[in-house]
Amino acid sequence: MADPNRPRAAFTPWDRRELPGSFSVEESAKRVGHYKWIEMRTFEVLGGWVATVPELDVKLRLGTHTYHHAWHAELWHKRLPELREMNQERLNVPPNDELV
Numbered sequence: 000m001a002d003p004n005r006p007r008a009a010f011t012p013w014d015r016r017e018l019p020g021s022f023s024v025e026e027s028a029k030r031v032g033h034y035k036w037i038e039m040r041t042f043e044v045l046g047g048w049v050a051t052v053p054e055l056d057v058k059l060r061l062g063t064h065t066y067h068h069a070w071h072a073e074l075w076h077k078r079l080p081e082l083r084e085m086n087q088e089r090l091n092v093p094p095n096d097e098l099v
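Start counting the sequence shown at 0; every next residue gets the next number (numbering that gives the first Met the number 0).
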C-alpha cells in the first residue's frame with residue numbers, strides 16, 4: 000500500500016508519441032470484414048450439420064458452437080467502421096477464393 004505521507008510524482012503529461020500501426024483504416028476494415036465472413040460461414044456450416052447428426056448430445060454441442068459463431072460474427076459486424084465511404088456489405092467477403 001502506498002504511503003500517504005510520501006510526496007507524489009508530478010503529473011506526467013499524456014504520451015504524444017505516434018503509435019506504429021501496421022494497417023491502415025481500410026486494411027483493418029477489410030480484415031474485420033473477412034473475420035466476420037469466416038464466422039458467418041462457420042455458423043452456416045455447423046448449423047447445416049445439426050440436422051444430419053442423429054445423436055442428441057452431438058446436436059446439442061453443434062448447436063452451442065453454432066450459436067457462438069453467430070455471436071462472434073455479430074461482434075465482428077459491430078467492429079466494422081461506420082464510415083460513410085466504406086460499404087459494410089462490400090467488406091463482408093471471403094479473404095481469398097480458396098476459402099469459398
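Glycine included, each C-beta is placed from N, C-alpha and C at the ideal position.
The structure presented is a predicted model; accordingly, all values stated were derived computationally and were not measured.
- Put simply, of His71, Val24, Glu84 and Gln87 the residue whose alpha carbon is nearest the alpha carbon of Glu43 is His71.
- Contact between Leu45 and Thr65 holds: CB atoms are separated by about 4 Å, below the 8 Å threshold.
- Here the alpha carbon of Val52 sits roughly 6 Å from the alpha carbon of Lys58.
- Shown here, Met85 sits in coil according to DSSP, grouped into three states, outside any helix or strand.
- For Val49 and Glu25, the gap between their C-alpha atoms comes out near 36 Å.
- Contact between His76 and Lys35 holds, since their C-beta atoms are separated by about 5 Å, short of 8 Å.
- An exposed status is given to Leu55, since fewer than 16 other beta-carbon atoms sit within 10 Å of its beta-carbon.
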